[in-house]
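K.L.:
I'd like to ask you about the structure that follows.
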Amino acid sequence: MKVIDLTHTIRPDMPVYPGTEPPQFLPANSYEKDGFKETKLCMFTHTGTHMDPPAHLYAGRTTLDQFTAEQFIGKALVIDCCGLKEGEPITMAQIMKYGEKSAQADFLLFYLGWDKRWGTDSYFGDYPCLDEQVMQYILAGNYKGIGFDVIGLDPIADENLTRHKQLFKEKEIVNIENLKNLELCGDDLFWFSCFPLKLENCDGSPIRAVAWWEK
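If you use full-length UniProt numbering, the sequence shown closes out at 215, no skipped numbers anywhere.
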């Protein structure tokens, strides 16, 4: 079995969304004093490679713990968008290159190549985002989730979170942000899992996103 980790490591000096705080790793128990090590972790639910459910934007909508585990596993397809320049939209031209495979996937993962900017100021730049036609294509489909190797579904400048609201208004779907290594996944369907922590009334959670192929 071939396995690729698509997840950034959570660490105190990692990039975080503007206006939030980096995670804190606080010593709780030590080998010397207690005979074992335990750490108190303090962080936002949308830290690092993470997932948004509809409840992230809408009160009373589905939280991550309300989804069945089946929601977080399935077939994925990487949509190569790395040729787009800053500020260029992701269009149907990128998706149509994959023919019927795009409709057969449970997850569409958009590869911009921005994970290579992780840890630099340019990661917070004008990354490409979905245009309206692609949004309508996703909303009309039967996808479990979409994902990106950038920090947001919306541009950072869009404080209204227009695309988030459109995606979650009536759709039972998850949105994944801050993926990495999507260029290693090829141009065909593969197995993908993205399990979140099962937190009560969860508006978001870090995930361990993994791609794998059965030989």
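The C-beta atom is built at its ideal place from N, Cα and C for all residues, glycine as well.
Because the structure is a prediction, the values reported are computed rather than measured.
(1) What does the Cβ neighbour count give for residue 67, buried or exposed, with the cut at 16 atoms within 10 Å?
(2) The alpha helix (DSSP H) spanning residue 138 covers which residue range?
(3) Quick one: what's got a C-beta closer than 6 Å to residue 87's C-beta in the same chain, skipping five residues either side?
(4) Below 8 Å on the Cβ atoms is my contact criterion, and I expect residue 152 with residue 106 to pass it. Report the Cβ-Cβ distance as a whole number of Å.
(5) In chain order, which alpha helix (DSSP H) runs of at least 4 residues are fully inside the segment 143-202?
(6) On a Cα-Cα basis, can you pick out the residue from 37, 18, 45 and 7 that is closest to residue 254?
(7) Starting from residue 110, follow its DSSP beta bridges and name the residues at the other end.
(8) Just to confirm, are residue 149 and residue 112 a CB contact at a threshold of 7 Å?
(9) Check whether the Cβ atoms of residue 200 and residue 65 lie closer than 7 Å to each other.
(10) Using the Cβ count rule (16 or more neighbours within 10 Å means buried), how would you classify residue 93?
(11) Please tell me whether residue 181 and residue 48 are closer than 7 Å, where the distance is taken between their beta carbons.
(12) Using only alpha-carbon positions, find the residue among 61, 130 and 39 that is nearest to residue 202.
(13) Residue 56 by DSSP, collapsed to three states: which one?
(14) Tell me whether residue 208 sits in a helix, a strand or coil according to DSSP, three-state version.
(15) Given this structure, state the Cα-to-Cα distance separating residue 40 from residue 22, to the nearest angstrom.
(16) Specify the secondary structure class of residue 86 as computed by DSSP and reduced to three states.
(17) So what does residue 42 bridge to, in DSSP terms?
(18) With three or more C-beta pairs closer than 8 Å as the rule, is the segment 126-138 touching the segment 8-24?
(19) Indicate the three-state DSSP secondary structure (helix, strand or coil) for residue 97 in the structure shown.
P.N.:
If we stick to the structure as given:
(1) Looking at its Cβ environment, which holds 16 or more other Cβ atoms inside 10 Å, residue 67 is buried.
(2) For residue 138, the uninterrupted alpha helix (DSSP H) run begins and ends at 132-140, by DSSP.
(3) For residue 87, where only same-chain residues beyond five positions count, the Cβ hits under 6 Å are 126.
(4) Contact between residue 152 and residue 106 does not hold, since their C-beta atoms are separated by about 22 Å, which reaches or exceeds 8 Å.
(5) With a minimum length of 4 residues, the continuous alpha helix (DSSP H) runs that stay inside the segment 143-202 are 162-168.
(6) The requested residue 254 is not part of the displayed model; the chain covers only 1 to 215.
(7) 79 and 148, per the DSSP bridge assignment.
(8) In contact: residue 149 and residue 112 (Cβ atoms closer than 7 Å).
(9) The answer is yes: Cβ separation under 7 Å.
(10) That one is exposed.
(11) Going by C-beta atoms, residue 181 is not nearer than 7 Å to residue 48.
(12) Looking from the CA of residue 202, the closest CA among 61, 130 and 39 belongs to 61.
(13) Helix, per DSSP.
(14) Look at residue 208 here: in three-state DSSP terms it is strand.
(15) For residue 40 and residue 22, the distance between alpha carbons rounds to 14 Å.
(16) Note: residue 86 maps to coil in three-state DSSP.
(17) 24.
(18) Contact fails: fewer than three Cβ-Cβ distances are below 8 Å.
(19) DSSP places residue 97 in coil when its eight states are reduced to three.
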